[in-house]
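Notes to accompany the following structure.
Residue numbers (this note's numbering), protein chains in the order written: chain U, 1 to 286; chain H, 1 to 286.
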């Protein structure tokens, strides 16, 4: 339901395909719509529900985070980065269009994320909303997601420690997952201690997501993943599976799942939907 | 003085070169600091002064606009776009570092622009500041600067009309110049009619800037420009000079200068510094 709601909202807020420049807008829509697990919007709405947020406020943050995620995938797939040709079961943006268009698509999707966060009511008051825009910036920027990508690039072919691998993932995927949870919370009546616990939960859930991703990448087929399976190993990128083996990676996932639930149990609000999402992340085979 | 102030402020707000990931942060600083005319910060502060804005508020908008400009240059210089090797008299970011780093530098500079606009006080109240963040997004995105880049790409080797060329420039460079002026005004006590006149002024000043750029590109040397001269002609890109000739391009510049001044004369505030900047843009030989 949240996934369909997110799809509809993104569909409405992305520029129409007939709006000039039409090819850029078609490529933006191609890169965002019609696929994706919408994990970050799901987490955002689940946190919003826990804090009694207006769902229309949460739509704004959920879509903004998803647009940041989508932009990062478009750029990450480009030849100078991961050079991948398949994403969500379809040709990547630079394959379907061209490299220059993919560059601009990513740029414009990022801009749109921040524009939406400022243009639509997303919080009980504008001061809070400004703080949320800043939070999204911190999560997406050079000390967050983009920084994680840089660490990832530098790590190719390197012998990382497990702590260094965790540091990379906390930035590369964890920062935005954390932002999704916290923005959902801030859209509601978040008090300081609940926000802290949710931040702790999000850190565990973000790592869990990554460990499961590494397991699926090692075990899965390209068809079920919707992206090229085994590419991390092929690119000599360190993964949890390559570093500690499949068995211990599964143990780690089980451990992170317990920690995530424990963090939720400390929140004095109804975190039932976040708990269900944690299990969904842990058990996913998609 | 404004240029030095902008340099100092950017220097302070960019992540320190020792902060991890250090190479990304060094490349971000390389791409922003130590060069550039800072035309957009100059316009932003001049508009702010006309509207009696707190200069510290204006610093925020001026730096945010300059970071958006800097990100667009880094991406525009990449091999899949203009493939340029020289910028501000130095190797472009992807030449000095590498393509993947240049991609992330541009991404992270854009994020930082929006983060700063949300993190620091930039307007008399948070509601106004949110509207300013939205305005920056509109100017930078697919219906503004990034859209202009897409139109520019599509125009290579094409026979454009002069109206189409103007449409491209209004987006590619004009949108951000307009945002610089309007953000400076909104940081102060901008009333509706003054903002309208300043918007009209900015449209003329932005086109003037572009026409002069085309004239300098045709006439100038690589050394005085600090970037590769004659590259538009070499890449078969339409310019004012290639379309209407050098003589009529100079007449057009003179006409736009008069129109820009006329728009300023309609403002009921002291626009002396904006008028001086208009002459600076028209007369520049740098």
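The C-beta atom is built at its ideal place from N, Cα and C for all residues, glycine as well. This structure is a prediction, so every number in the text was calculated from the model and none was measured.
Spatial neighbours of residue 179/H in its own chain (CB-CB distance under 7 Å, excluding positions within 5 residues in sequence) are listed in chain order as 65, 135, 136, 139. When beta bridges are read from the DSSP output, residue 87/H appears opposite 90/H.
DSSP, reduced to helix, strand and coil, places residue 145/H within a helical segment of the structure shown.
Apart from sequence neighbours up to five positions away, the residues of its chain that approach residue 273/H with a beta-carbon distance below 6 Å are 46, 49, ordered along the chain.
Residue environment for residue 144/H: buried (at least 16 other C-beta atoms within 10 angstroms of its C-beta). Neighbourhood of residue 137/U in chain H, by CB distance below 9 Å: 111, 112, 113, 114, 115, 116, 117, 118, 119, in chain order. Residues of the region 15 to 35 of chain H with a C-beta less than 8 Å from any C-beta of chain U: 15, 19, 20, 21, 23, 24, 25, 28, listed in chain order. Comparing alpha-carbon positions, the option among 161/U, 157/U, 260/U lying closest to residue 198/U turns out to be 260/U. The residues 106, 109, 110, in chain order, have a CB closer than 6 Å to that of residue 71/U in the same chain once the five nearest residues on each side in sequence are set aside. For residue 263/H, the enclosing alpha helix (DSSP H) has its first and last residue at 240 to 265.
By the beta-carbon neighbour count (other beta carbons within 10 angstroms, threshold 16), residue 74/U is buried.
The residue from 174/H, 22/H, 44/H with its alpha-carbon nearest to that of residue 6/H is 44/H. Contact annotation: the region 210 to 221 of chain U does not touch the region 75 to 85 of chain U, with fewer than three C-beta pairs closer than 8 Å. Just measuring C-alpha positions, the residue of 191/H, 168/H, 129/H sitting nearest residue 240/H is 168/H. Closest by C-alpha distance to residue 247/H, out of 160/H, 147/H, 219/H, is 219/H. Comparing alpha carbon positions, the residue from 268/U, 129/U, 55/U, 171/U closest to residue 118/H is 129/U. Using a Cβ-Cβ cut-off of 8 Å, residue 99/U counts as an interface residue toward chain H, since at least one Cβ of chain H sits closer than that to its own. Taken atom to atom, the span from the alpha-carbon of residue 40/H to that of residue 181/H is near 8 Å.
Residue 183/U is classed as buried because its beta carbon has at least 16 other beta carbons within 10 Å across all chains shown.
When secondary structure is reduced to three states using DSSP, residue 34/U falls in the coil class, being assigned neither helix nor strand. At the C-beta level, residue 68/U and residue 113/U come within 8 Å of one another. Contact of residue 77/U with chain H by beta-carbon distance below 9 Å is absent, the smallest such distance being about 11 Å.
DSSP, read as helix, strand or coil, puts residue 190/U in coil. At least 8 Å separates the beta-carbon of residue 116/U from that of residue 58/U. Take the alpha-carbon of residue 102/H and the one of residue 15/U: they are about 27 Å apart. Contact annotation: residue 187/H and residue 122/H have beta-carbon atoms nearer than 8 Å. Residue 14/H sits in coil when the DSSP states are folded into three classes, being neither helix nor strand.
Non-local beta-carbon contacts of residue 174/U in its own chain, meaning distances under 7 Å to residues more than five positions away in sequence, involve 203, 206, 207 in chain order. Assignment of residue 284/H by DSSP, reduced to helix, strand and coil, places it in the coil class.
Going by C-alpha positions, residue 244/H is about 13 Å away from residue 164/H. Shown here, residue 57/U sits in a helix according to DSSP, grouped into three states. For residue 44/H, the uninterrupted alpha helix (DSSP H) run begins and ends at 39 to 50, by DSSP.
In the structure shown, residue 1/U falls within a coil segment according to DSSP collapsed to helix, strand and coil. Chain H has no Cβ within less than 8 Å of the Cβ of residue 242/U. With respect to residue 155/U, residue 21/H sits apart: the two C-beta atoms are not nearer than 8 Å.
Closest in alpha carbon position to residue 268/H, among 91/H, 189/H, 56/H, is 189/H.
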